[in-house]
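Novice: Got a structure for you, written out below as structure tokens; questions coming shortly.
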Amino acid sequence: MLSFIVPAYNEDFELPRCHAAIRAAAERSDQEYEIIVGDIRKRPLGQIRAEAKERGLEIRASKV
107 MLSFIVPAYN EDFELPRCHA AIRAAAERSD QEYEIIVGDI RKRPLGQIRA
157 EAKERGLEIR ASKV
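Residues 107 to 170, numbered by our numbering, are exactly what the sequence shown covers, in order.
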């Protein structure tokens, strides 16, 4: 499995393009993959989930 870890802080503008590029590269590899985005801003988890759903992303989120 390939794991891509992306640290993010105020990256709302760039994150969709970054995600698309990683996804395209990973799908060419024919391996199972995951993309992990570490959003270090203090935002409500519900807001993060809602934004991901709007973009058609499946997420598993947790607070640490």
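Just so you know, even glycine gets a beta-carbon here, dropped at the ideal spot from N, CA and C.
Considering only residues of the same chain and omitting the five flanking positions on each side of P113, which have a CB-CB separation below 6 Å?
Specialist: G144
Novice: If you run the structure through DSSP and keep just helix, strand and coil, what is E138?
Specialist: coil
Novice: Distance, Cα to Cα, H125 vs A131?
Specialist: Taking the straight line from one Cα to the other gives about 10 Å.
Novice: Check this for me: beta carbons of E138 and M107, under 7 Å apart or not?
Specialist: yes
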